[in-house]
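Numbering of the sequence shown is given in the working numbering, commencing with residue 54 and proceeding in unit increments.
We treat Cβ as the ideally placed atom computed from N, Cα and C, and that holds for glycine.
Note that the structure is predicted; figures quoted are calculated from it, not measured.
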Amino acid sequence: MVFCLVAVTASITFMTEFASNVSTGSVFIPIVLTIAESIHVHPLTLSLPVTVACSFAFMLPMATPPNAIVFDTKLVGMLEMVSQ
Numbered sequence: 054m055v056f057c058l059v060a061v062t063a064s065i066t067f068m069t070e071f072a073s074n075v076s077t078g079s080v081f082i083p084i085v086l087t088i089a090e091s092i093h094v095h096p097l098t099l100s101l102p103v104t105v106a107c108s109f110a111f112m113l114p115m116a117t118p119p120n121a122i123v124f125d126t127k128l129v130g131m132l133e134m135v136s137q
């Protein structure tokens with residue numbers, strides 16, 4: 054159970070850097086709800102960490118609209134966004 058939770062949360066944290074938070078949640082939350090149903094676990098046990106992990110987009114410009122706005126000013130480069 055814990056391994057499943059860590060694996061799903063880590064993969065969602067990785068995916069949310071390349072897609073918007075809403076689209077990542079829209080894709081993964083139904084999958085996680087199905088997994089929770091199949092292993093007989095309360096759906097909130099898996100869906101709440103997934104929802105929080107969808108908000109872990111901090112580095113890349115395509116992760117969140119504010120990151121894209123800052124990147125579009127050309128004052129901050131891609132390497133600067135990733136390293137800071």
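Inset, instruction - Answer with buried or exposed for residue 56, where buried requires no fewer than 16 other C-beta atoms within 10 angstroms of its C-beta. - result: Exposed is the call here.
Inset, instruction - Return the CA-CA distance between residue 119 and residue 73, expressed in angstroms with no decimal places. - result: Rounded to whole angstroms, residue 119 to residue 73 spans 11 Å at the Cα level.
Inset, instruction - Would you decide whether residue 130 is buried or exposed? Buried here means 16 or more other CB atoms lie within 10 Å of its CB. - result: The residue is exposed, with fewer than 16 neighbouring Cβ atoms inside 10 Å.
Legend entry - Beta-carbon spacing of residue 26, residue 69 below 8 Å: Shown here, the chain extends from 54 to 137; a query on residue 26 therefore has no answer.
Inset, instruction - Counting only runs of 4+ residues fully inside the region 62-98, write out the alpha helix (DSSP H) ranges in chain order. - result: 74-91
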